[in-house]
Amino acid sequence: MEAPAGKRSREELRAAFERHVAEHYAPKGSGFVCKKDGAEIRQTTLYVSVHAKAFGDMCAGSGEVERLPLPYCPTCEGVPSNTSTCVHV
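When you number the sequence shown by the numbering used here, it's gap-free, plus one each residue, and the end is 83.
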């Protein structure tokens, strides 16, 4: 999974993750496997810059960065090349 496009709300980012996980991964034990090839899902870190909606599309904020797990299938998707996005709150 690549990082979802930025300029979303936290809720929209969460929904994008949930859709991707439900569509591509299946629970197995304490983790997930790929629905397509059965590979164990790995994760890296997604860095989410928190921006203020008051600044519009300028992507400006306090400098706060949240770190979230970013899942990916090592065979179907490979290691994500984009591991950053932003939310507007």
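By construction, the Cβ of each residue, glycine as well, lies at the ideal position given by its N, Cα and C atoms.
Query: For E71, three-class secondary structure by DSSP; Result: coil
Query: Span of the alpha helix (DSSP H) around R4; Result: 4 to 18
Query: The segment 64 to 79 touching the segment 44 to 54, judged by at least three CB pairs closer than 8 Å; Result: no
Query: Same chain, Cβ closer than 6 Å to A100, neighbours up to 5 away in sequence not counted; Result: Residue coverage of the chain in this structure runs from -5 to 83, which leaves residue 100 outside it and unanswerable.
Query: Assigned exposure category for V81 - 16 Cβ within 10 Å defines buried; Result: buried
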